[in-house]
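If you read the sequence shown in the numbering used here, its first letter stands for residue 1, the second for the next number, and so on. Quick reminder that beta carbons are idealized off the backbone N, C-alpha and C, glycines included. Everything below concerns the one structure shown next.
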Amino acid sequence: MREKKEKETYKPVQGLLEDAADYHVYEMKPQDRIIAAALGFAASMVVVYVFFHSIFFGAIGGILLLVPAQRFYRGYKIQKRSKTLLLQFKDLLESLAASYSAGQNTMGAFRDAEGDMVSVYGEDADIVAEVRLILEGMKNNLQAEELLFNFAARSGLADVESFASVFEVANRQGSNLKQIIADSREIINDKIEIEMEIETMLQANKNELNVMILMPLVIVPMLGGLGESTVAANTFFNVAVKLFCIAIFAGAYLAGRKLTDITI
1 MREKKEKETY KPVQGLLEDA ADYHVYEMKP QDRIIAAALG FAASMVVVYV
51 FFHSIFFGAI GGILLLVPAQ RFYRGYKIQK RSKTLLLQFK DLLESLAASY
101 SAGQNTMGAF RDAEGDMVSV YGEDADIVAE VRLILEGMKN NLQAEELLFN
151 FAARSGLADV ESFASVFEVA NRQGSNLKQI IADSREIIND KIEIEMEIET
201 MLQANKNELN VMILMPLVIV PMLGGLGEST VAANTFFNVA VKLFCIAIFA
251 GAYLAGRKLT DITI
């Protein structure tokens with residue numbers, strides 16, 4: 001059992017330089033924990049009160065959801081950060097391509113890209129930190145491709161890894177880096193556009209899924225308002241049926257989220 005737990009434990013990828021972030025890991029800030037706890041507690045209170053008319057058990061459910069809610073919120077933040085980083089990386093390639101077109105070498109191209117990324121995304125952007133790590137690494141006699149591969153490992157982005165592989169071959173063989181970077185940016189841009197089109201097509205299904213999960217919260221109070229007292233009664237049979245229905249809806253919602261979460 002211990003061996004299984006050790007295998008499941010994620011080991012953060014170390015950077016070649018200090019202060020290199022692993023984008024698979026998100027350190028929850030106090031405000032993040034408060035938001036996650038509040039959302040989990042509120043969801044529990046609403047669901048339990050609608051089905052069982054009990055604030056006490058709603059509060060207990062909210063306490064039980066504190067840890068799962070934070071895990072869910074952490075996963076959401078990691079996914080959001082990864083998508084943002086991919087868009088920033090696409091703009092980085094555009095800046096690099098422009099610099100290579102102007103005759104800059106690799107160091108000069110990344111130095112120009114640093115200024116471009118700061119002007120577009122600000123000092124605190126992840127892509128700015130990564131460009132600065134690459135510049136610092138090259139100043140310490142590390143190869144740009146080494147730093148790019150490390151960036152790919154820490155970010156988990158397949159596009160960064162593909163670019164690092166192409167960059168390594170092109171840099172060592174003296175190929176046309178300008179064209180290679182421009183082609184890489186075009187491929188990533190096409191991929192993002194396809195994902196956005198898929199997202200648009202699936203939006204209706206996601207809306208239906210959200211409506212489906214909210215319907216019980218509307219139907220149950222309506223039945224009680226129509227004089228169906230047996231619905232509100234917390235008999236053993238009613239409680240068992242309600243818990244079973246909640247489990248079914250929760251399972252269906254999670255399955256629907258997975259089916260509509262398509263990546264390429």
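Proximity winner among the options, relative to residue i (alpha-carbon distances)
{"i": "Ala170", "options": "Ser184, Ala158 and Leu157", "result": "Ser184"}
{"i": "Asn238", "options": "Phe51, Phe41, Pro30 and Phe149", "result": "Phe51"}
{"i": "Ala338", "options": "Val220, Gly108, Phe41 and Gln143", "result": "For the chain, the structure presents residues 1 to 264; residue 338 sits outside this window and is missing."}
{"i": "Ala97", "options": "Ala250, Ala125, Thr84 and Ala113", "result": "Ala113"}
{"i": "Lys29", "options": "Ile187, Gly15, Asp190 and Tyr73", "result": "Tyr73"}
{"i": "Asp126", "options": "Glu161, Asn141 and Lys80", "result": "Lys80"}
{"i": "Leu135", "options": "Asp124, Ser54 and Leu148", "result": "Leu148"}
{"i": "Lys197", "options": "Asp261, Asp124 and Thr84", "result": "Correcting the residue identity first, residue 197 is Glu in this sequence and not Lys. With distances taken between Cα atoms, Glu197 lies closest to Asp261."}
C-alpha distance - residue i paired with residue j, whole-angstrom precision
{"i": "Ser44", "j": "Glu199", "result": "29 Å"}
{"i": "Met222", "j": "Ala247", "result": "21 Å"}
{"i": "Leu87", "j": "Ala240", "result": "47 Å"}
{"i": "Leu214", "j": "Arg33", "result": "25 Å"}
{"i": "Ala37", "j": "Ile60", "result": "13 Å"}
{"i": "Gln179", "j": "Phe89", "result": "17 Å"}
{"i": "Glu193", "j": "Ala102", "result": "28 Å"}
{"i": "Glu3", "j": "Phe56", "result": "At Glu3 the pLDDT is 43, less than 50, meaning the model places this residue with poor confidence and gives no usable figure here."}
{"i": "Gln173", "j": "Ser119", "result": "33 Å"}
{"i": "Asp91", "j": "Leu209", "result": "34 Å"}
{"i": "Arg257", "j": "Lys139", "result": "45 Å"}
{"i": "Tyr100", "j": "Val128", "result": "19 Å"}
{"i": "Arg111", "j": "Glu146", "result": "17 Å"}
{"i": "Lys5", "j": "Lys11", "result": "With a pLDDT of 44 at Lys5, under the threshold of 50, the modelled position of that residue is not reliable, and the figure given next carries that caveat. About 12 Å."}
{"i": "Leu66", "j": "Leu93", "result": "41 Å"}
{"i": "Val47", "j": "Gln143", "result": "55 Å"}
{"i": "Gln203", "j": "Ser82", "result": "21 Å"}
{"i": "Ser95", "j": "Leu217", "result": "50 Å"}
DSSP three-state assignment for residue i, whether helix, strand or coil
{"i": "Val13", "result": "coil"}
{"i": "Ala252", "result": "helix"}
{"i": "Gly103", "result": "coil"}
{"i": "Met28", "result": "coil"}
{"i": "Ala113", "result": "helix"}
{"i": "Lys5", "result": "Caution is warranted here: a pLDDT of 44 is assigned to Lys5, below 50, making its placement in the model unreliable, and the coordinate value is therefore given only provisionally. If DSSP states are grouped into helix, strand and coil, Lys5 belongs with the helices."}
{"i": "Gln203", "result": "helix"}
{"i": "Glu18", "result": "coil"}
{"i": "Asn328", "result": "Outside the displayed span of the chain (1 to 264) sits residue 328, for which this structure offers no information."}
{"i": "Asn141", "result": "coil"}
{"i": "Glu266", "result": "Because the chain spans 1 through 264 in this model, residue 266 falls outside it and cannot be assessed."}
{"i": "Ser54", "result": "coil"}
{"i": "Asp124", "result": "coil"}
Buried/exposed call for residue i, threshold 16 Cβ in 10 Å
{"i": "Ala109", "result": "buried"}
{"i": "Asn150", "result": "buried"}
{"i": "Lys242", "result": "buried"}
{"i": "Ile219", "result": "exposed"}
{"i": "Met107", "result": "exposed"}
{"i": "Tyr76", "result": "exposed"}
{"i": "Ala164", "result": "buried"}
{"i": "Gly62", "result": "buried"}
{"i": "Met117", "result": "buried"}
{"i": "Ala252", "result": "exposed"}
{"i": "Gly58", "result": "buried"}
{"i": "Phe167", "result": "buried"}
{"i": "Leu254", "result": "exposed"}
{"i": "Val211", "result": "exposed"}
{"i": "Ala250", "result": "exposed"}
{"i": "Gly122", "result": "exposed"}
_Cβ contact check for the segment 17 to 29 and the segment 153 to 164: 3 or more pairs under 8 Å_ = Counting Cβ pairs under 8 Å, three or more are found: they touch.
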